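Chemist:
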Amino acid sequence: MNSGEDEGWDSAELERAGALAADLRALGGADSRMVAVRAPGRVNLIGEHTDYSGLPVLPAAIDRSTIIVATASPAREIIVRNTDPEFSARRFQIEKAIPAYPVGDWANYVKAGIQGVIDHFGSRGLAETKLRGATMIVDGRVPVAAGLSSSSALTVAAALAFMKLNGLELAPLECAAMAARSEWYVGTRGGGMDQAASLMGRRDHGLFIEFNPLRVRAIQMPAGAALVVADSCEIADKSGGVRTEYNRRVVECSLAARIIARQIKLEGVRTLGEVVSATANWNAADLIAILQAAAPPRFAPDLVDAARILGVARDALVDELLGAGAMGVKLDPSAPLEIFRRARHVLTETERVIRAAALLEAGELEAMGALMNASHASLAEDFDCSTARLDRLVAAARKGGALGARLTGAGFGGSIVALSRATGVERIFDSIDREYYAPLGIDPHGKRAILHAGAGASAIDLAAA
Ligand code: NG1
């Protein structure tokens, strides 16, 4: 999070903020203090479905942002409007535990950001009754449901706006850790990649992000490299079936970690990341072989067999893995829990991420592209989160000369990212227009673009009058 005046803001964003401020003033009641926050979306270069295992990722913040302009209000409530008429205005009270709107409501991400601030500062002794309310206008320009993290951009922007109006500050890494957890509010057990990328982005840099503790190393994008993002226009609806699929994978990865840990006599392990950090000179092949020798490749979702193999009581395992109440994970009772293939993806992907960081640093674009291709294959075959359409789009990008292409984000729809030389972008566009968009009758305009790595979120003061 940058707080310097205009830091990270381009002129178009400052103009957007100015227009939102005028709208807010026109609504009346603008307090003497008005703030503007920008929070970017992100594209993930490589390291997919590794963050919630506490394993590294390599995304970049993008030059598409959500902006919130907000003013403090004396009432202890949040009034939030959206410039997109599809999202109607919402009003809610600031409480210790803010009740969520029905699943799928856009403003749950605003609530998530604000609840995260209430929890974080509440645990440090600041009562929520001391927090001021706000009137906010949101203007989101990160494509929605496209795998570019519009949800985290909104969560981060809401949290920062609320903090800034209340005079609260956090170091960027602390803020990223807070925001990562706050998005659990909407029911997805995500890792911290999106929020960290949105907060810690750096212009023209990829971000090698490690977890527990959160660490970020910015890596300069090689000169002459271009990142092409193309939207499959297949909606990855994170509030519907995709959430169930996503959360199931979180459970599958944790089960795999527990089984490996039991074999190699590690206590208290919950994630593959903990297995990796406790194993000197680890490599994916060895850990996968241990898993394969210890357990069948899949378990029934009732967890009876899994508990037996782990030597624990089934009820305790259910509680630990699925949680309870509204935040509890619901498993599809007809879908087995895939342990072996999920772990194979996560562990080999981790090796790819570590190599990719070194390759990006060395400007080795061909080799980096090959890793992106391998990542996509692993996501499709082992993680089962690609779709026929994503596969076609990836193939079309490669046919157009991309050095590498893969789905980006959670998958099940959404976007792909392709690595190219700047000079090769037009050929990639031609290929995906011809091979993917034209047969589907989709106008490609605005659906595929070059994205630039951009600066992380920041908040600035605006004059209220
Ligand atoms: P998107 O693509 O924003 O749904 C999700 C998670 C990430 C990460 C990726 C898969 C959230 C907010 N984001 O991203 O943490 O796990 O999937 O790599 O849950």
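Each residue of the sequence shown is one higher than the last, beginning at 929 in the numbering used here.
All C-beta atoms in this analysis are idealised placements derived from N, C-alpha and C, irrespective of residue type, glycine included.
Since we're looking at a predicted model, the values are computed, not measured.
1) Can you list, in chain order, the residues of its chain with a C-beta nearer than 6 Å to that of Ala-1366? Leave out the 5 residues immediately preceding and following it.
2) Do Met-1128 and ligand 1 come close, with the Cβ less than 6 Å from some heavy atom?
3) What do you get for Ser-1016, buried or exposed, if any count of 16 or more other CB atoms within 10 angstroms of its CB means buried?
4) Suppose you measure from the CA of Phe-1227 to the CA of Asp-1233; what does that come to, to the nearest Å?
5) Just verifying my parser: in three-state terms, what is the DSSP assignment at Asp-1358?
6) Assuming Leu-942 and Gly-1201 make a contact with CB atoms under 8 Å, what is their CB distance in whole Å?
7) Going by CA-CA distance only, name the one from Ser-1205, Ile-1237, Val-1179, Ala-1208 that's closest to Arg-1190.
8) Would you be able to state if there are at least three C-beta pairs under 8 Å between the region 1262–1270 and the region 1304–1319?
9) Do Gly-1329 and Leu-1347 count as a contact pair if the criterion is CB distance below 7 Å?
10) Taking only the alpha-carbon atoms, compute the straight-line gap between Thr-1116 and Ala-998 and give it to the nearest angstrom.
11) Shorter than 6 Å, the distance from the beta carbon of Ala-1338 to the closest heavy atom of ligand 1, or not?
12) Quick one: does the C-beta of Thr-1116 sit closer than 6 Å to a heavy atom of ligand 1?
13) So, under 8 Å CB-CB, Leu-1293 and Pro-1150 are touching, yes? Tell me the CB distance rounded to an integer number of Å.
14) For the region 1152–1172 against the region 1236–1251, are there 3 or more C-beta pairs whose distance is under 8 Å?
15) How would you label Arg-1019, buried or exposed, when you count the other beta carbons within 10 angstroms and need 16 or more for buried?
16) By Cβ distance, which residues of its chain are closer than 7 Å to Lys-1258, with the 5 residues on each side in sequence left out?
17) DSSP has Asp-1006 in a bridge; who is on the other side?
18) How far does the alpha helix (DSSP H) with Pro-912 in it extend, from its first residue to its last?
19) One question on the structure: do Val-985 and Asp-979 come within less than 7 Å of each other, judged by their Cβ atoms?
20) Output the boundary residues of the alpha helix (DSSP H) element that contains Ala-1300.
21) Could you check whether Ala-1324 and Glu-1363 sit closer than 7 Å to each other, using their CB atoms as the reference points?
22) Just to check my reading of the structure: Met-1064 and Ala-1040 have Cβ atoms closer than 8 Å, yes? What is that Cβ distance to the nearest angstrom?
Modeler: On the basis of the coordinates in this document:
1) By 1-based counting over the sequence shown, the position of residue 1366 is 438. Excluding positions up to five away in sequence, the list is empty.
2) Sequence index remark: in the sequence shown, residue 1128 carries index 200 (1-based). Not so, every heavy atom of ligand 1 lies at least 6 Å from the Cβ.
3) Here residue 1016 corresponds to residue number 88 of the sequence shown, with the count starting at 1. Flag for Ser-1016 reads exposed.
4) Mapped onto the sequence shown, residue 1227 falls at position 299. Mapped onto the sequence shown, residue 1233 falls at position 305. In a straight line, the C-alpha of Phe-1227 is about 7 Å away from that of Asp-1233.
5) Here residue 1358 corresponds to residue number 430 of the sequence shown, with the count starting at 1. The answer is helix: DSSP assigns Asp-1358 an H, G or I state.
6) Working through the sequence shown from its first residue, we reach residue 942 at position 14. Working through the sequence shown from its first residue, we reach residue 1201 at position 273. The Cβ separation is near 39 Å, so there is no contact.
7) Sequence index remark: in the sequence shown, residue 1190 carries index 262 (1-based). Residue Ile-1237 is the option with its Cα nearest to Arg-1190.
8) yes
9) Here residue 1347 is taken as the residue at index 419 of the sequence shown, counted from 1. Here residue 1329 is taken as the residue at index 401 of the sequence shown, counted from 1. Cβ distance not < 7 Å, so Leu-1347 and Gly-1329 don't count as in contact.
10) One-based indexing of the sequence shown puts residue 1116 at position 188. One-based indexing of the sequence shown puts residue 998 at position 70. So the alpha carbons of these two residues sit roughly 27 Å apart.
11) Taking the first residue of the sequence shown as 1, we reach residue 1338 at position 410. Checking every heavy atom of ligand 1 against the Cβ of Ala-1338, one is found closer than 6 Å.
12) For the purposes of this step, residue 1116 is identified with residue 188 of the sequence shown, where counting begins at 1. Yes, Cβ of Thr-1116 sits closer than 6 Å to a heavy atom of ligand 1.
13) Position 365 of the sequence shown, counted from the first residue, corresponds to residue 1293. Position 222 of the sequence shown, counted from the first residue, corresponds to residue 1150. Cβ-Cβ separation between Leu-1293 and Pro-1150: approximately 6 Å, consistent with a contact (criterion under 8 Å).
14) With the cut-off at 8 Å, the region 1152–1172 and the region 1236–1251 do not touch.
15) Within the sequence shown, numbered from 1, the residue matching residue 1019 stands at position 91. Exposed: under 16 other Cβ atoms inside 10 Å.
16) Locating residue 1258 in the sequence shown gives position 330, counting from the first residue. Cβ within range, chain order: Thr-1172.
17) Position 78 of the sequence shown, counted from the start, is the residue given in the question as residue 1006. The amino acid occupying residue 1006 in the given sequence is Ile; Asp does not appear at that position. For Ile-1006, the pairing in a beta bridge is given by DSSP as Phe-1020, Ala-1062.
18) Given a span of 929 to 1393 for the chain in the structure shown, any question on residue 912 remains unanswerable.
19) Numbered from its first residue, the sequence shown carries residue 985 at position 57. Numbered from its first residue, the sequence shown carries residue 979 at position 51. At the C-beta level, Val-985 and Asp-979 come within 7 Å of one another.
20) Here residue 1300 corresponds to residue number 372 of the sequence shown, with the count starting at 1. Per the sequence shown, residue 1300 should be read as Met rather than Ala. For Met-1300, the enclosing alpha helix (DSSP H) covers residues 1293–1309.
21) Position 435 of the sequence shown, counted from the first residue, corresponds to residue 1363. Position 396 of the sequence shown, counted from the first residue, corresponds to residue 1324. Result yes, Cβ atoms of Glu-1363 and Ala-1324 sit closer than 7 Å.
22) Numbered from its first residue, the sequence shown carries residue 1064 at position 136. Numbered from its first residue, the sequence shown carries residue 1040 at position 112. Not quite, the Cβ-Cβ distance comes to about 14 Å (not below 8 Å), so this is no contact.
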